[in-house]
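S.K.: In UniProt numbering, the protein residues as written are 1 to 283.
Heads up, the beta-carbon is just placed ideally off N, CA and C, and yes, glycines get one too.
Because the structure is a prediction, the values reported are computed rather than measured.
Sharing a structure here in structure tokens format.
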Amino acid sequence: MSTIFDSFERKHDFLICVDSDGCAMDTMDIKHFRCFGPCMIEVWGLHAHEQELLARWNEVNLYTMTRGINRFKGLAIALKEAEETYDDVQIDDLETFLRWTETTKELSNRAIEEVLAQKESKSLRMALEWSERVNVAIKNLPEEENLPFEGAKAGLAAAHAAADVAIVSSANAGAVREEWTRHNLIEHTDIMLAQDAGTKAYCIGQLLQKGYEKAHVLMIGDAPGDQKAAEDNGVLYYPILVKKEKSSWERFLSEGLEKFLSGTYSGKYQEERINEFQKNLSE
């Protein structure tokens with residue numbers, strides 16, 4: 001069976017992988033504030049603890065070292081904590097959902113649908129409903145509030161002039177395609193890999209099979225999961241700092257890209273960027 005990777009051809013010696021939400025697109029906060037957390041409250045009827053649960057949702061998904069965690073992994077943390085914290089919260093069939101998030105090879109709506117086609121589960125059914133509601137809510141967000149970070153387009157254009165560029169995101173594929181197309185970012189990319197293509201680590205691994213040297217591959221991301229995906233494949237990592245996205249892209253354009261292409265990125269320079277990145281999420 002052919003995959004999206006089969007149709008991708010290496011054109012350059014260098015490859016730059018770029019995350020979408022919270023990295024190239026300033027869409028992460030608004031999606032969690034207005035879509036992910038609120039939809040969880042609605043589907044599980046958690047209104048009695050709404051304020052506390054939404055604050056915790058944002059902490060886990062945006063402002064700590066679990067930033068950028070897959071939506072279903074984030075949901076698993078939130079539901080488990082809610083049940084353990086509040087005596088009046090009981091999540092039906094929660095263990096089935098938790099087990100699925102720990103064992104499935106693909107964390108997506110499609111993967112849940114495949115499980116439900118074999119055996120019914122209330123928690124998986126509700127998780128699918130939640131995820132579908134989230135996708136609808138995201139689609140209905142005002143276009144004027146879904147914008148790329150300042151500097152991202154210039155950075156991508158410069159990267160694409162010298163390297164192959166891949167979107168590597170855990171977000172919904174339809175949303176990523178629509179956002180990158182609307183803002184003319186897609187023209188600076190060669191392949192789009194989203195939630196349905198596999199984990200970020202898997203996607204980078206598949207791209208490496210096209211013949212890139214690991215020292216010639218760079219992952220640009222804003223979350224620890226992006227760094228881990230790079231490290232798991234032995235490739236380089238450039239962080240976009242939370243609340244410092246504009247300056248992060250400016251630095252990539254003014255020095256990071258040149259260091260990557262000249263072979264001077266690894267070592268001290270990358271260590272400085274990663275230390276800065278980890279400190280930023282721990283403050």
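May I ask you to report which of helix, strand or coil DSSP gives residue 256?
M.R.: Here residue 256 sits in helix by DSSP.
S.K.: Just to confirm the assignment, what range does the beta strand (DSSP E) spanning residue 224 have?
M.R.: Per DSSP, residue 224 belongs to no beta strand (DSSP E); it is in the alpha helix (DSSP H), 224-233.
S.K.: In the structure shown, what three-state DSSP assignment does residue 220 receive?
M.R.: strand
S.K.: From what residue to what residue does the beta strand (DSSP E) around residue 192 run?
M.R.: 191-193
S.K.: Between the stretch 173-182 and the stretch 193-201, can you find at least three pairs of beta-carbon atoms closer than 8 angstroms?
M.R.: yes
S.K.: Do you know whose CA, among 270, 157, 23 and 210, lies nearest residue 187's CA?
M.R.: 157
S.K.: Could you tell me which uninterrupted beta strand (DSSP E) segments, each at least 3 residues in length, are contained entirely in the stretch 14-88, listed from first to last along the chain?
M.R.: 15-18
S.K.: For residue 168, name the three-state secondary structure that DSSP assigns.
M.R.: Collapsing the DSSP output to three states places residue 168 in a strand.
S.K.: Residue 27: which of 247, 68, 238 and 155 sits nearest, CA to CA?
M.R.: Closest by alpha carbon: 68.
S.K.: Does the beta-carbon of residue 206 have 16 or more other beta-carbons within 10 angstroms, so that it is buried, or is it exposed?
M.R.: buried
S.K.: What is the DSSP secondary structure of residue 107, reduced to helix, strand or coil?
M.R.: coil
S.K.: Suppose contacts are defined by Cβ-Cβ distances below 9 angstroms. Is residue 14 in contact with residue 261 by that definition?
M.R.: Yes, they are a contact pair.
S.K.: What's the gap between the Cα of residue 62 and the Cα of residue 280?
M.R.: 12 angstroms
S.K.: Closer than 7 angstroms by C-beta to residue 93: which residues in its own chain qualify, once you throw out the five before and the five after it? Chain order, please.
M.R.: 121, 122 and 123
S.K.: Whole angstroms is fine: what's the gap from residue 131's alpha carbon to residue 255's?
M.R.: 39 angstroms
S.K.: Residue 212 lies in the alpha helix (DSSP H); which residues open and close that run?
M.R.: Segment: none, residue 212 is in no alpha helix (DSSP H) and carries neither H nor E.
S.K.: Can you tell me whether DSSP reads residue 269 as helix, strand or coil?
M.R.: Correct three-state label for residue 269: helix.
S.K.: Using the Cα positions of residue 119 and residue 113, report the straight-line distance between them to the nearest angstrom.
M.R.: For residue 119 and residue 113, the distance between alpha carbons rounds to 10 angstroms.
S.K.: Express the C-alpha separation of residue 109 and residue 51 in angstroms, rounding to a whole number.
M.R.: For residue 51 and residue 109, the gap between their C-alpha atoms comes out near 27 angstroms.
S.K.: How many Å lie between residue 284 and residue 168 at the Cα?
M.R.: Residue 284 lies beyond the range of the chain shown here (1 to 283); nothing can be said about it.
S.K.: Which residues in the same chain as residue 91 place their Cβ atom closer than 6 angstroms to its Cβ, once the five residues preceding and following it in sequence are excluded?
M.R.: 79 and 83
S.K.: Less than 9 angstroms between the C-beta atoms of residue 72 and residue 127, yes or no?
M.R.: Going by C-beta atoms, residue 72 is nearer than 9 angstroms to residue 127.
S.K.: Considering only the beta carbon of each residue, do residue 149 and residue 245 sit closer than 9 angstroms?
M.R.: yes
S.K.: Which residue's Cα is closest to the Cα of residue 268: 37, 210, 238 and 253?
M.R.: 238
S.K.: Just the Cα atoms here: how many angstroms apart are residue 48 and residue 40?
M.R.: 13 angstroms
S.K.: Can you say whether residue 233 is buried or exposed, counting buried as having 16 or more other CB atoms within 10 angstroms of its CB?
M.R.: Result: buried.
S.K.: At what residue ranges does the stretch 120-176 contain a whole run of the alpha helix (DSSP H), taking only runs of 4 or more?
M.R.: 122-139 and 152-162
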